[in-house]
Amino acid sequence: DMRDVEFGINIYIEIGGGYTRVINDRLNIGGRVKWLLGMGNLELKAKNVSVITNLEGVDPGYNWSTGSPLDLRSAKGTAAVLADAQLASSFEGMELVTNNEGYIETLRFRASHSGVAGRGVALDAGISCEVFKGFTLSAAINDLGFIKWDKNCTQFADANTASLAYDSNDPGDYRRFLGIIGSDEPINLHLLRLTITDQQQSRKTSLASTVTVGARYRTMNGKLSFGALYSSHQVKPNALSELTFGLNYRPANMLDFAISYSPLMCGGQSIGAAMKVGPLFIGSDYIYLGKNIKSCNALVGLSIPLGKSPFLD
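Residue numbers (my numbering): 29 to 341.
In structure tokens:
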């Protein structure tokens with residue numbers, strides 16, 4: 029059985045402007061307003077997908093996803109799939125391709141037909157306060173907003189598995205049924221048997237906002253600092269939380285070194301490191317320390333400061 033499984037794609041472009049204000053020597057606030065151009069969104073929600081069996085000659089705990097057609101040759105009885113799933117797609121240039129039976133079998137994207145499928149707005153806001161000399165608390169919320177998708181670019185589909193059944197009296201039916209149940213595709217559209225509905229309406233989706241709270245202590249005239257950062261990413265179906273500890277050393281105004289560690293990410297087996305030389309920034313927030321390195325990331329940036337840095341006083 030599968031319950032409360034969700035899959036989503038959200039593609040958009042941000043155009044925005046921000047403002048920061050120094051209230052006094054201890055308090056800073058800032059915000060940014062963003063205009064969003066939605067390129068595409070897809071949401072697949074499977075509340076329940078179950079295989080109901082009434083078979084003889086098959087173990088009750090039989091794993092349908094790894095089974096073999098040979099296992100069902102001697103089975104007698106029936107089996108069926110019950111699914112409660114819905115799909116909503118808002119894309120300019122994506123087609124929900126159906127087979128001869130009317131079920132969605134694949135998603136076809138045509139880059140030449142892509143375009144803006146929705147529009148929205150979002151806000152970022154933050155505040156920092158120096159509680160006492162060298163110790164600063166900060167908080168921020170990012171991507172608090174929504175996108176409204178155009179009706180002409182939106183399609184809906186519901187699961188319809190009434191005809192997805194196995195009957196031992198039908199020769200060869202076990203191959204078809206087991207082939208669908210045992211598919212290793214990331215999204216088994218053949219199992220859900222989604223059919224496009226006649227529903228035509230716009231839809232609104234929220235962004236995955238992030239709440240961040242941090243603390244930092246600076247010493248040695250600002251050359252050395254320690255910090256902790258907690259973030260909660262409001263994704264579906266459950267929020268993702270992360271706690272990171274960091275150390276930063278700035279031996280000169282044009283040179284910075286930093287290292288970070290998260291006890292939650294990768295079971296505490298990864299670190300981050302960065303170096304800034306003048307305006308050039310190079311780093312990685314994911315360096316895996318385990319035996320099998322399957323992925324990592326690298327960040328390269330160029331910063332152009334406007335105005336005088338408060339750390340040069």
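Ideal Cβ placement from N, Cα and C applies to all residues, glycine included.
Closest Cα partner of residue i within the set the options
i    : options                : result
G300 : R221, A286, Y258       : A286
D313 : G306, V305, P307, Q297 : Q297
S78  : L72, L308, A107        : A107
F184 : D171, I132, V144, I310 : I132
S288 : H261, G66, V305, E270  : E270
E42  : G274, K62, I57         : K62
L124 : V159, C181, N76        : C181
D32  : R246, D53, N76, G58    : N76
A274 : A280, R246, V328, G121 : Residue identity check: residue 274 is Gly in the sequence provided, not Ala. Here the closest residue by C-alpha is R246.
R231 : Q262, L317, S260, G66  : G66
G343 : G58, K264, F254, K179  : Outside the displayed range of the chain (29 to 341) lies residue 343, so it cannot be described from this structure.
Neighbourhood of residue i by C-beta distance below 6 Å, restricted to the same chain and skipping five residues each side
i    : result
A168 : G154, T240
A277 : Contrary to the premise, residue 277 reads as Tyr rather than Ala in this sequence. Cβ within range, chain order: L252, F285.
T81  : A107
L235 : A150, D171, G173
K304 : D284
D152 : R60, N170
S260 : V239, A267, S269
I57  : R49, I155
V328 : I310
For residue i, the first and last residue of its enclosing alpha helix (DSSP H)
i    : result
H141 : No alpha helix (DSSP H) holds H141; DSSP gives it neither H nor E.
L235 : Taken as a continuous stretch (DSSP letters only), L235 belongs to no alpha helix (DSSP H), as it is neither H nor E.
L220 : 217-220
N-terminal and C-terminal residue of the beta strand (DSSP E) that residue i is part of
i    : result
T271 : Reading the sequence as shown, one finds Leu at residue 271 and not Thr. 268-280 is the extent of the beta strand (DSSP E) around L271.
N264 : Checking the sequence shown, residue 264 turns out to be Lys, not Asn. It is not in any beta strand (DSSP E) - K264 carries neither H nor E in the DSSP assignment.
T182 : 182-187
N38  : 30-50
K176 : 163-177
R147 : 146-160
K104 : 104-119
G300 : 298-305
M122 : 122-126
L317 : Counting along the chain, L317 falls outside any beta strand (DSSP E), and DSSP gives it neither H nor E.
G329 : 327-330
E133 : 132-137
L283 : 283-289
Euclidean distance between Cα positions of residue i and residue j
i    : j    : result
L135 : S117 : 10 Å
I175 : V149 : 7 Å
Y258 : N128 : 51 Å
M30  : L219 : 12 Å
G44  : G130 : 43 Å
L146 : W177 : Position check: residue 146 holds Gly in this sequence, whereas Leu was assumed. Each residue's Cα considered, the two are about 4 Å apart.
L72  : Q114 : 6 Å
F119 : L217 : 18 Å
M248 : M282 : 17 Å
D112 : V144 : 31 Å
L268 : I310 : 26 Å
S290 : I315 : 11 Å
A187 : I39  : 25 Å
G105 : T233 : 44 Å
L110 : A74  : 11 Å
T272 : A256 : 6 Å
P279 : N69  : 46 Å
I51  : G121 : 48 Å
A243 : G250 : 15 Å
T48  : T126 : 51 Å
G46  : D53  : 21 Å
Q262 : S237 : 5 Å
V159 : F254 : 15 Å
A302 : L64  : 30 Å
Chain B contact for residue i (CB, 7 Å cutoff)
i    : result
P279 : Among the protein chains of the structure shown there is no chain B, as only one such chain exists.
Residues of its chain near residue i, where Cβ-Cβ distance is below 7 Å and the 5 sequence neighbours each way are ignored
i    : result
L55  : C157
L308 : L330
F339 : Confidence in F339 is poor, its pLDDT being 49 and thus under 50, which makes the residue's placement too unreliable to answer from.
L317 : Q297, S298, I299
Spatial neighbours of residue i in its chain, beta-carbon cut-off 8 Å, leaving aside the 5 residues before and after
i    : result
I332 : P307
N325 : S312, D313, Y314
K292 : The sequence shown places Leu at residue 292, rather than the Lys named in the question. Within the same chain, L292 has close Cβ partners S269, E270, L271.
K179 : Q228, Q229, S230
Discussion item. Could you check whether the stretch 149-165 touches the stretch 218-228, counting it as contact only if at least three pairs of C-beta atoms, one from each stretch, sit closer than 8 Å?
Written reply: no
Discussion item. Does the contact criterion of 3 or more C-beta pairs under 8 Å hold for the stretch 227-234 versus the stretch 133-140?
Written reply: no
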